[in-house]
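Reading the sequence shown from the start, the letters are residues 121 to 170 in our numbering.
Where is the CB? At the ideal position from N, CA and C, for every residue including glycine.
Being a predicted model, the structure only gives us computed values, none of them experimental.
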Amino acid sequence: MDFIRYRVVDEDGTFLDEFTTNSPDFAAERIDRIRKHRPGLTVTETDDSH
Numbered sequence: 121m122d123f124i125r126y127r128v129v130d131e132d133g134t135f136l137d138e139f140t141t142n143s144p145d146f147a148a149e150r151i152d153r154i155r156k157h158r159p160g161l162t163v164t165e166t167d168d169s170h
């Protein structure tokens with residue numbers, strides 16, 4: 121399975137969340153929930169398949 125690690129920080133570079141999933145829909149939903157409260161997010165995606 122291909123897993124992607126998502127790291128979420130706000131516009132000031134403050135760490136907010138990090139998680140790994142193989143479901144892009146789950147990732148989008150989780151990130152959108154954070155974005156409602158912190159609109160200026162930066163999301164970094166890296167391959168986390170082992």
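Counting along the chain, the unbroken beta strand (DSSP E) around F135 starts and ends at 135–141.
When secondary structure is reduced to three states using DSSP, E149 falls in the helix class. Ranked by Cα distance from E131, the first of D122, H157, T141 is H157.
In the structure shown, the three-state DSSP call for R155 is helix.
When the five nearest sequence neighbours on each side are left out, the beta carbons in the same chain lying within less than 6 Å of the beta carbon of R155 are those of L161, in order along the chain.
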